[in-house]
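In our numbering, the protein residues as written are 893 to 1045.
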Amino acid sequence: MSAQFDTLPKLRPMRVADLDRVMQIEPAIYSHPWTHGNFEDSIKAGYSCWVIDCAGVIAGYGVLMAGVREAHLLNLSVAAEWQGRGLGRYLLDQFIAIARDSDAVQMFLEVRPSNLAARHLYLQSGFREITVRRGYYPAGRGREDAILMGLVL
Ligand SMILES: CC(C)(COP(=O)(O)OP(=O)(O)OC[C@H]1O[C@@H](n2cnc3c(N)ncnc32)[C@H](O)[C@@H]1OP(=O)(O)O)[C@@H](O)C(=O)NCCC(=O)NCCS
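As structure tokens, this is what we get:
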């Protein structure tokens, strides 16, 4: 990954002051984006919220709810113009490490069946598809299923 960046990307905690930039990225990459309030609530709730900082520019971010036994990845995002350079994998690896440090023994996430890029990333990182949650996501017309994926930590 380092060969593709002048300055190495670094992970730092997400702050409320970052949310203007996060809210530029979010609606551009999701059909049903999180709101400013969703991120603010996550920060205030003490979830593990991080951004990837590339030379002062936020290129990606994510939110993990880490419990004692289980961790749940709620959001994993890379800005459209930064995708395809290894940042999604870097971010996911960091969240897996954070989940392990929190003493979770399993990590879960939901993904849309149509999101082939994310599903591929998760499978490559060792996640397995556990079940389908019917009508979990809002969609253009009606609802879309979610695939629940899990990783033994
Ligand atoms: C999914 C996402 C986080 C991946 O981030 P990224 O920085 O583009 O991914 P990386 O460059 O780290 O690639 C990692 C792996 O993802 C998968 N991947 C990424 N883009 C892909 C594509 N267009 N098609 C298929 N697989 C793809 C591949 O498995 C890739 O590994 P490989 O290059 O060794 O084949 C990013 O595309 C994104 O933010 N998408 C919009 C938001 C989203 O869908 N988030 C996930 C919600 S569950």
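From the three backbone atoms N, C-alpha and C, an ideal C-beta is built for every residue, glycine too.
Other residues of its chain near residue i: CB distance less than 6 angstroms, five sequence neighbours each side excluded
| i | result |
| --- | --- |
| residue 918 | 925, 926 |
Backbone secondary structure at residue i - three-state DSSP
| i | result |
| --- | --- |
| residue 961 | coil |
| residue 1116 | In the structure as shown, the chain begins at 893 and stops at 1045. Residue 1116 is therefore absent and cannot be evaluated. |
| residue 896 | helix |
| residue 1026 | strand |
| residue 952 | strand |
| residue 1007 | coil |
| residue 907 | coil |
| residue 913 | helix |
| residue 877 | Given that the chain is displayed from residue 893 to residue 1045, the structure contains no residue 877 and the question cannot be resolved. |
Opposing strand residues paired with residue i [DSSP bridges]
| i | result |
| --- | --- |
| residue 1020 | 1042 |
| residue 998 | 962, 1044 |
| residue 969 | 953 |
| residue 944 | 903, 952 |
| residue 1035 | 1030 |
Contacts around residue i, its chain only, beta-carbon distance under 8 angstroms, and the 5 residues preceding and following it disregarded
| i | result |
| --- | --- |
| residue 1045 | 963, 988, 991, 992, 996, 997, 998, 999 |
Close Cβ partners of residue i (< 7 angstroms) along its chain, the five nearest in sequence each way excluded
| i | result |
| --- | --- |
| residue 1004 | 1029, 1036, 1038 |
| residue 979 | 901, 944, 951, 952, 970 |
Worksheet entry | Touch test, the stretch 901 to 910 against the stretch 1007 to 1024, Cβ-Cβ under 8 angstroms, three pairs minimum | no
Worksheet entry | the stretch 1021 to 1032 touching the stretch 984 to 999, judged by at least three CB pairs closer than 8 angstroms | no
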